[in-house]
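Colleague: Chains as they are written, first to last, in our numbering: chain A, 84 to 196; chain B, 2 to 115. Just so it is clear, CB atoms sit at the ideal spot from N, CA and C, and this is done for glycine as well. The structure presented is a predicted model; accordingly, all values stated were derived computationally and were not measured.
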Amino acid sequence: AQSVTQLGSHVSVSEGALVLLRCNYSSSVPPYLFWYVQYPNQGLQLLLKYTTGATLVKGINGFEAEFKKSETSFHLTKPSAHMSDAAEYFCAVRETSGSRLTFGEGTQLTVNP
Amino acid sequence: NAGVTQTPKFQVLKTGQSMTLQCAQDMNHEYMSWYRQDPGMGLRLIHYSVGAGITDQGEVPNGYNVSRSTTEDFPLRLLSAAPSQTSVYFCASSKQGAVNTEAFFGQGTRLTVV
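1) Determine the extent of the beta strand (DSSP E) in which Ser88/B is found, giving its start and end residues.
2) Could you tell me the distance, in whole angstroms, from the CA atom of Tyr49/B to the CA atom of Ser68/B?
3) Can you tell which of Phe157/A, Tyr172/A and Phe186/A has the C-alpha that lies nearest to the C-alpha of Asn107/A?
4) Can you tell me whether Val13/B is buried or exposed? The criterion is at least 16 other CB atoms within 10 Å of its CB, across all chains shown.
5) Using the rule of at least 16 other Cβ atoms within 10 Å of the residue's Cβ for burial, across every protein chain shown, is Lys141/A buried or exposed?
6) Just how far apart, CA to CA, sit His30/B and Gln7/B?
7) Using only CA atoms, which one of Arg183/A, Arg177/A and Leu131/A lies nearest to Gly145/A?
8) Along chain B, in chain order, which residues have C-beta atoms closer than 8 Å to that of Tyr115/A?
9) I'd like to know whether the C-beta of Ala132/A is nearer than 8 Å to at least one C-beta of chain B.
10) Rounding to the nearest angstrom, what Cα-Cα distance links Met33/B and Thr155/A in this structure?
11) Looking at chain A, which residues of the region 75 to 98 of chain B have a Cβ within less than 7 Å of any of its Cβ atoms?
12) Measure the C-alpha to C-alpha separation of Gly109/B and Asn124/A and round it to an integer number of angstroms.
13) So Gly189/A contacts chain B; which residues on that side make the cut at Cβ distance below 7 Å?
14) Look at Gly126/A and Phe91/B and say whether their C-beta atoms are less than 8 Å apart.
15) From this set, Phe186/A, Thr193/A, Val120/A and Gly136/A, which residue's C-alpha is nearest Ile143/A's C-alpha?
16) Would you mind telling me which residues of chain B sit closer than 9 Å to Arg105/A, beta carbon to beta carbon, in chain order?
17) Which residue marks the beginning of the beta strand (DSSP E) containing Thr193/A, and which one marks its end?
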């Protein structure tokens, strides 16, 4: 069975600092990996996804993530945080056999001025 | 471009009442699903459907029913609301079998059971 673990339910950074949100997955087959963002009182929207090919994936709003099979990780980064990045971020995994997404617990990102 | 539309956005129920959360999508997606979001627990799958007439249970199905009579609509029914069902509910849709495509989410329904 596939699962996703997000390390750190709350992350706080200063504006302009590096953002690093951690995600580790457990899957018996090569997974498809996603990062979603949820702004307050809104639904989830896709930030980026890894399917096949290049392991460094670029997404919207300056975010990127690197798929590391040896570490079973898919950490999300952004070089310089902006106040508008404050939101909750979810890592999700989908196995090749179906459409079902399994989500991590979520990480609340706070950006301090 | 409506995408996934959920109604209502907010709802307060008394324990024991029933209600239906509505979900509609206009992208002709075969796969639709319902999640509940609770603090510290991420999104947990309640029920899902791979097409009209086909539904199945997810991770936390107890207390909920679904049906899928059309491709567009996937309502979620609470049969007898309980305080433990206080949560934010999200409907999502995606192409069936297209594992590299994203799921599209509605804006959510915030349900409080008193």
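Modeller: Looking at the atomic coordinates:
1) That run of the beta strand (DSSP E) goes Ser88 to Ser95.
2) Looking at the backbone, the Cα of Tyr49/B and that of Ser68/B are separated by about 9 Å.
3) For the set Phe157/A, Tyr172/A and Phe186/A, the Cα lying nearest the Cα of Asn107/A is the one of Phe157/A.
4) Answer is exposed; the Cβ neighbour count stays below 16.
5) Its Cβ having fewer than 16 others within 10 Å, Lys141/A is exposed.
6) In a straight line, the C-alpha of His30/B is about 15 Å away from that of Gln7/B.
7) Comparing C-alpha distances from Gly145/A to each of Arg183/A, Arg177/A and Leu131/A shows the shortest one belongs to Leu131/A.
8) Simply Val100 and Asn101.
9) What sits at residue 132/A in the sequence shown is Lys, not Ala. For Lys132/A, a Cβ of chain B is located within less than 8 Å of the residue's own Cβ.
10) Approximately 28 Å, taken between the alpha carbons.
11) Within the region 75 to 98 of chain B, the residues whose Cβ lies closer than 7 Å to some Cβ of chain A are Phe91, Ser95, Gln97 and Gly98, listed in chain order.
12) When the Cα atoms are used, Gly109/B and Asn124/A turn out to be separated by approximately 8 Å.
13) Within 7 Å Cβ-Cβ: Gly43.
14) Yes, Cβ-Cβ distance for Gly126/A and Phe91/B is below 8 Å.
15) Comparing Cα-Cα distances from Ile143/A to each of Phe186/A, Thr193/A, Val120/A and Gly136/A, the minimum goes to Val120/A.
16) The contacting residues do not exist; Arg105/A stays about 14 Å from chain B at best.
17) Element bounds for Thr193/A: Thr190 to Asn195.
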